[in-house]
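Q: Using full-length UniProt numbering, read the sequence shown as starting at 1 and increasing by one per residue.
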Amino acid sequence: MTRRIGRIPVVDVAPIVDGGNRPAKSVVGEEFEVTATVFREGHDAVNATVVLLDPAGREQRLPMTRVNAGLDAWSATVAADRAGHWTYRVEGWSDPYGTWNHDAVIKVGAGVDVDLMLEEGARVLERAVAEVSRTKEQATVLEEAATALRDSANSPGVRLNAGLSSAVVHELRERPLRDFVSPGVDLPWLVERELALYGAWYEFFPRSEGAHFDESAGGWVSGTFRTAAERLPAVAAMGFDVIYMTPIHPIGRINRKGRNNSLKSEEHDPGSPYAIGSVDGGHDAIHPDLGTFDDFDAFVAEARRLGLEVALDLALNCAPDHPWVTSHPEWFTTRADGTIAYAENPPKKYQDIYPLNFDNDPAGIYAEMRRVVQVWIDHGVTVFRVDNPHTKPTEFWEWLIADVAVDHPDIVWLAEAFTRPPMMHNLAKVGFQQSYTYYSWRHSKTEIEEYLRELSGPASAYMRPSFWPTTHDILTPFMQRSGPPGWVMRAALAATLVPTYGIYAGYELVENVARPGAEEQIDNEKYQYKNRRWAERGGRSLAPLLTRLNEIRRAHPALHWLRNLRFHTADNPDVLVFSKARRVYDRDDVILVVANLDPSVTRETTLHLTMPDLGLGWTDTFVAHDLITGQHWNWGEHAFVRLGPETEAVHIIHVTPY
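(1) Cα-Cα, which of 367, 391 and 377 is closest to residue 344?
(2) With a 10 Å radius around its C-beta and 16 neighbouring C-beta atoms as the bar for buried, classify residue 578 as buried or exposed.
(3) Where residue 192 and residue 277 are concerned, what is the direct C-alpha to C-alpha distance, given to the nearest angstrom?
(4) Could you name the residues of the same chain whose beta carbon sits closer than 6 Å to that of residue 640, not counting the 5 residues immediately before and after it, in chain order?
(5) How would you call residue 464, buried or exposed, if buried means at least 16 neighbouring beta carbons within 10 angstroms?
(6) Mind reading off the beta-carbon distance from residue 437 to residue 466? Whole number of angstroms is fine, and I expect it under 8 Å.
(7) Run the CB neighbour count on residue 256, radius 10 Å, all protein chains shown included, and call it buried at 16 or more, exposed below.
(8) If we call anything under 8 Å between Cβ atoms a contact, is residue 330 one with residue 360?
(9) Drop a sphere of 10 angstroms on the beta-carbon of residue 551, count the other beta-carbons inside from all chains shown, and report buried for 16 or more, exposed for fewer.
(10) Suppose the cutoff is 6 Å on Cβ atoms and the five residues either side in sequence are ignored; what does the same chain contact list for residue 156 look like?
(11) Contact check, residue 35 vs residue 75 under 8 Å by CB: the rounded distance?
(12) Does the beta-carbon distance from residue 15 to residue 461 come in below 8 Å?
(13) Is the CB-CB distance between residue 139 and residue 124 below 8 Å?
(14) Near residue 239, which residues of its chain fall below 7 Å by C-beta distance, leaving aside the five closest residues on each side in sequence?
(15) Do residue 520 and residue 542 count as a contact pair if the criterion is CB distance below 8 Å?
(16) When the distance is taken between beta carbons, is residue 597 closer than 8 Å to residue 580?
(17) Using a Cβ-Cβ cut-off of 7 Å (strictly less than) and excluding sequence neighbours within five positions of residue 99, which residues of its own chain qualify?
(18) Is the beta carbon of residue 281 closer than 8 Å to that of residue 252?
(19) For residue 45, write down the residues that DSSP places opposite it in a beta bridge.
(20) Does the segment 279-297 come into contact with the segment 365-382, if we say contact requires no fewer than three beta-carbon pairs (one atom in each stretch) closer than 8 Å?
(21) Have a look at residue 213 and residue 220 and give me their C-alpha separation to the nearest angstrom.
(22) Tell me the rounded alpha-carbon separation between residue 634 and residue 587.
(23) Hey, does residue 623 have any beta-carbon neighbour from chain B nearer than 8 Å?
(24) Would you grab the beta carbon distance between residue 317 and residue 523 for me? Rounded to a whole angstrom, and I think it's under 8 Å.
(25) Distance, Cα to Cα, residue 458 vs residue 613?
(26) Check whether the Cβ atoms of residue 429 and residue 574 lie closer than 8 Å to each other.
(27) So residue 227 packs on residue 209, CB below 8 Å; how close in whole Å?
(28) Any chance the segment 18-29 sits against the segment 51-64, with 3 or more Cβ pairs inside 8 Å?
(29) List the whole-angstrom C-beta distance separating residue 122 from residue 146, where the pair is believed to meet the contact cut-off of C-beta under 8 Å.
(30) Mind checking whether residue 655 and residue 488 have CB atoms under 8 Å apart?
(31) Report the three-state DSSP secondary structure of residue 450 (helix, strand or coil).
(32) What residue range is occupied by the uninterrupted beta strand (DSSP E) comprising residue 422?
(33) Measuring CA to CA, which of 87, 287 and 168 is closest to residue 126?
(34) Which first and last residues belong to the alpha helix (DSSP H) in which residue 75 is found?
(35) Check this for me: beta carbons of residue 525 and residue 225, under 8 Å apart or not?
(36) Please classify residue 174: does DSSP put it in a helix, a strand, or coil?
Written out as structure tokens, the structure is:
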């Protein structure tokens with residue numbers, strides 16, 4: 001059924017996700033704009049209000065501002081003070097005071113219908129007192145103005161000014177007299193905790209932390225949860241918020257992969273942790289080499305003591321010897337020759353993995369996956385990084401995430417879906433709080449600016465990007481060849497362009513040697529143990545840089561949001577310039593970032609800054625304080641910079657007005 005237009009039309013409300021069928025998203029305290037087109041027939045004044053309904057059913061009304069009179073465009077900045085399911089709607093209404101204000105200024109100024117206009121103004125103010133709830137003090141402001149409008153002892157100009165006073169305008173903006181109120185539709189709004197938008201992740205393989213080669217055994221000995229916990233203080237000291245572990249479950253023996261994805265494994269090869277399941281158990285079990293559930297609980301407790309939340313990789317893959325293959329063969333796809341189909345992404349083949357077929361027994365699979373997730377929630381996991389969610393039905397994720405949220409609304413889900421944009425966007429819409437992105441492959445200024453305008457613009461209503469310069473699967477050609485300056489620049493951009501970013505263990509050591517023919521590291525940790533011997537490594541480490549980046553992020557709330565991203569201009573096409581600003585209590589926090597996108601070459605350029613985006617006037621100057629080096633410069637609208645391998649790859653500037 002088509003919804004009828006209201007007496008005062010309200011159209012083009014934004015943000016709106018899938019026509020209002022899915023919620024727009026924010027986190028507690030995050031500001032965003034609600035916009036709409038509101039108009040009416042004739043020449044009478046029109047106005048608009050945005051109405052917020054919190055999870056307890058309490059309403060809050062905020063005035064909207066007309067930002068483009070010619071297009072009847074209205075806007076209001078909103079934010080929620082608590083998590084939960086909210087709604088918002090825009091109400092259009094006829095504005096009797098606005099109509100009188102406009103007409104009275106013209107007519108009284110021209111000497112037309114003077115007494116009549118002043119009397120009509122007094123009656124509008126009396127209606128506003130009679131029809132809108134106010135305190136005695138608030139009502140008195142309008143009552144005294146109405147009296148003054150009728151006071152023939154004063155000149156028409158004095159009387160008119162009483163009805164136009166700032167006190168009257170303010171009171172009627174806060175508590176307006178509204179005729180023909182026409183509400184738009186109630187739109188869903190999901191408000192979540194801050195980690196859903198902002199956080200720094202550190203990824204590692206628990207089995208590698210403490211792993212060592214045992215000559216007497218003739219092979220590697222796995223690290224354990226106890227040895228992995230010894231790495232946590234260093235991760236916390238670098239300022240990370242989340243410790244993310246690749247799968248920790250038993251690994252299959254059948255078709256186990258060897259080093260560097262070899263189809264033949266040796267006796268001591270541990271196999272890929274993504275080939276889950278063996279005689280030791282499946283997704284609800286722990287690999288015996290790592291320890292027991294008591295050891296896992298101790299790991300989680302140590303992480304919490306250090307201020308780290310624990311993220312677990314949820315990879316719904318099954319090794320050929322996973323218990324489900326025997327107990328539920330109907331959960332897999334059987335080929336014409338009677339064999340179970342292994343995972344393929346032609347020409348790639350994953351002989352060590354059987355994918356689940358959700359269509360054969362959806363009720364059974366849904367129930368079992370929900371049970372598995374609950375096992376890990378009960379043991380302290382608060383974040384799930386989901387491997388390849390785009391290879392499972394989106395309706396499954398929508399159901400699972402919503403069902404978990406009933407009792408555990410603080411759980412955060414990250415979608416590792418490097419796939420086509422419609423699927424990535426849909427996963428975000430159905431419930432994933434965060435999404436991996438194409439950041440790893442966006443390198444030119446044009447690519448970065450176009451992509452970030454999409455992510456911080458319309459997509460920000462439902463999709464929160466997580467930027468990773470490298471992962472255990474990704475080592476792009478740029479990261480292979482750029483060396484430490486490039487790794488510094490890419491980490492700095494990831495940490496400042498978006499609120500959530502992640503670092504894969506070994507980034508500190510600039511591990512940049514690729515496996516021939518692949519965008520991944522040689523001796524990939526996914527197929528072998530990797531003891532980096534953190535305490536023994538000499539040479540340059542990026543750990544101090546990562547520590548400083550996280551200190552900057554924590555100290556500057558402007559970097560906690562996404563929708564406040566603004567780009568500026570540089571003459572050199574290889575220099576990227578952007579800023580983020582946020583009002584914090586009575587001051588503006590403003591960060592300006594300048595990056596040489598190919599720091600193997602020194603680049604000099606002039607910046608052209610949009611000063612209002614920095615909270616400044618066009619002719620103002622400011623102190624540019626580089627938060628990485630501690631240097632200071634005096635900058636204005638135009639500023640000169642020099643960035644390169646022998647200087648710095650990037651400036652992270654705190655803008656301090658004089």
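Note that the Cβ used here is the ideal one computed from N, Cα and C, for glycine as well. Remember, predicted model here, so these are calculated numbers, not experimental data.
A: If we stick to the structure as given:
(1) Against the sequence shown, residue 344 aligns to sequence position 344. It is 391.
(2) One-based indexing of the sequence shown puts residue 578 at position 578. It is buried - the Cβ of residue 578 has at least 16 other Cβ atoms within 10 Å.
(3) Residue mapping note: residue 192 aligns to position 192 of the sequence shown, counting from 1. Residue mapping note: residue 277 aligns to position 277 of the sequence shown, counting from 1. Straight-line Cα distance between these residues: approximately 34 Å.
(4) The residue given as residue 640 occupies position 640 in the sequence shown. Shown here for residue 640: same chain residues with a beta carbon closer than 6 Å to its own, the five before and five after excluded, namely 606 in chain order.
(5) By one-based count along the sequence shown, residue 464 stands at place 464. The residue is buried, with at least 16 neighbouring Cβ atoms inside 10 Å.
(6) Residue 437 sits at position 437 when you count from the first residue of the sequence shown. Residue 466 sits at position 466 when you count from the first residue of the sequence shown. With a Cβ gap of about 7 Å, residue 437 and residue 466 count as contacting.
(7) What you label residue 256 is simply residue 256 of the sequence shown in a count that begins at 1. Counting other Cβ atoms within 10 Å of its Cβ, residue 256 reaches 16 or more and is therefore classed as buried.
(8) Taking the sequence shown and counting its residues from 1, the one referred to as residue 330 is at position 330. Taking the sequence shown and counting its residues from 1, the one referred to as residue 360 is at position 360. Contact: yes.
(9) On the sequence shown, position 551 is the one that residue 551 refers to. It is exposed - the Cβ of residue 551 has fewer than 16 other Cβ atoms within 10 Å.
(10) Along the sequence shown, one-based indexing puts residue 156 at 156. Answer for residue 156: 108 and 114, listed in chain order.
(11) Residue 35 sits at position 35 when you count from the first residue of the sequence shown. Residue 75 sits at position 75 when you count from the first residue of the sequence shown. Sure, about 5 Å apart at Cβ, within 8 Å.
(12) Working through the sequence shown from its first residue, we reach residue 15 at position 15. Working through the sequence shown from its first residue, we reach residue 461 at position 461. Inclusion of residue 15 and residue 461 in the CB contact set at 8 Å is warranted, their separation being smaller than that value.
(13) As a first step, residue 139 is located in the sequence shown; it is residue number 139 there, counting from the start. As a first step, residue 124 is located in the sequence shown; it is residue number 124 there, counting from the start. Contact: no.
(14) Locating residue 239 in the sequence shown gives position 239, counting from the first residue. Excluding five sequence positions before and after residue 239, the CB atoms of its chain that fall closer than 7 Å to its own CB belong to 200, 547, 550, 551 and 554, given in chain order.
(15) As a position in the sequence shown, residue 542 is number 542, starting the count at 1. As a position in the sequence shown, residue 520 is number 520, starting the count at 1. Contact flag unset, no.
(16) Counted from its first residue, the sequence shown places residue 580 at position 580. Counted from its first residue, the sequence shown places residue 597 at position 597. Contact: no.
(17) On the sequence shown, residue 99 is found 99 positions in, with the first residue counted as 1. The beta carbon of residue 99 lies closer than 7 Å to those of 44 and 45 in the same chain, with the five residues before and after it left out.
(18) Taking the sequence shown and counting its residues from 1, the one referred to as residue 252 is at position 252. Taking the sequence shown and counting its residues from 1, the one referred to as residue 281 is at position 281. Not a contact, by the Cβ cut-off of 8 Å.
(19) For this step, residue 45 is matched to residue 45 along the sequence shown. The partner list for residue 45 (beta bridge, DSSP) is empty, contrary to what the question assumes.
(20) Three or more beta-carbon pairs drawn from the segment 279-297 and the segment 365-382 are found closer than 8 Å, and the two stretches are therefore classed as touching.
(21) Within the sequence shown, the letter at position 213 stands for residue 213. Within the sequence shown, the letter at position 220 stands for residue 220. Roughly 4 Å between the two C-alpha positions.
(22) Your numbering for residue 634 matches position 634 in the sequence shown. Your numbering for residue 587 matches position 587 in the sequence shown. Cα to Cα, the separation comes out at about 20 Å.
(23) Here chain B cannot be found, since the structure has a single protein chain.
(24) Numbered from its first residue, the sequence shown carries residue 317 at position 317. Numbered from its first residue, the sequence shown carries residue 523 at position 523. At roughly 22 Å, the Cβ-Cβ gap does not stay under 8 Å, so residue 317 and residue 523 are not in contact.
(25) Numbered from 1 along the sequence shown, position 458 holds the residue referred to as residue 458. Numbered from 1 along the sequence shown, position 613 holds the residue referred to as residue 613. Cα-Cα distance, rounded: 19 Å.
(26) Here residue 429 corresponds to residue number 429 of the sequence shown, with the count starting at 1. Here residue 574 corresponds to residue number 574 of the sequence shown, with the count starting at 1. Residue 429 is not a Cβ neighbour of residue 574, given a cutoff of 8 Å.
(27) As a working mapping, residue 227 is identified with position 227 in the sequence shown. As a working mapping, residue 209 is identified with position 209 in the sequence shown. The pair is a contact, with the Cβ atoms about 5 Å apart (cut-off 8 Å).
(28) Flag = no, the segment 18-29 and the segment 51-64 do not touch.
(29) Reading the sequence shown from its first residue, position 122 is the one you call residue 122. Reading the sequence shown from its first residue, position 146 is the one you call residue 146. The Cβ separation is near 4 Å, so the contact holds.
(30) The count along the sequence shown starts at 1 and reaches residue 655 at position 655. The count along the sequence shown starts at 1 and reaches residue 488 at position 488. Not closer than 8 Å, so no.
(31) Translated into the one-based positions of the sequence shown, residue 450 becomes position 450. DSSP places residue 450 in helix when its eight states are reduced to three.
(32) For the purposes of this step, residue 422 is taken as the residue at position 422 of the sequence shown. Residue range 421-430 is occupied by the alpha helix (DSSP H) that includes residue 422, with no beta strand (DSSP E) assigned at that position.
(33) Taking the sequence shown and counting its residues from 1, one reaches residue 126 at position 126. Answer by Cα proximity: 168.
(34) Locating residue 75 in the sequence shown gives position 75, where the first residue counts as 1. Per DSSP, residue 75 belongs to no alpha helix (DSSP H); it is in the beta strand (DSSP E), 73-78.
(35) Residue numbering aside, residue 525 sits at position 525 when the sequence shown is read from its first letter. Residue numbering aside, residue 225 sits at position 225 when the sequence shown is read from its first letter. Residue 225 is positioned such that its CB atom lies no closer than 8 Å to that of residue 525.
(36) Within the sequence shown, residue 174 is the residue found at index 174, counting from 1. Correct three-state label for residue 174: helix.
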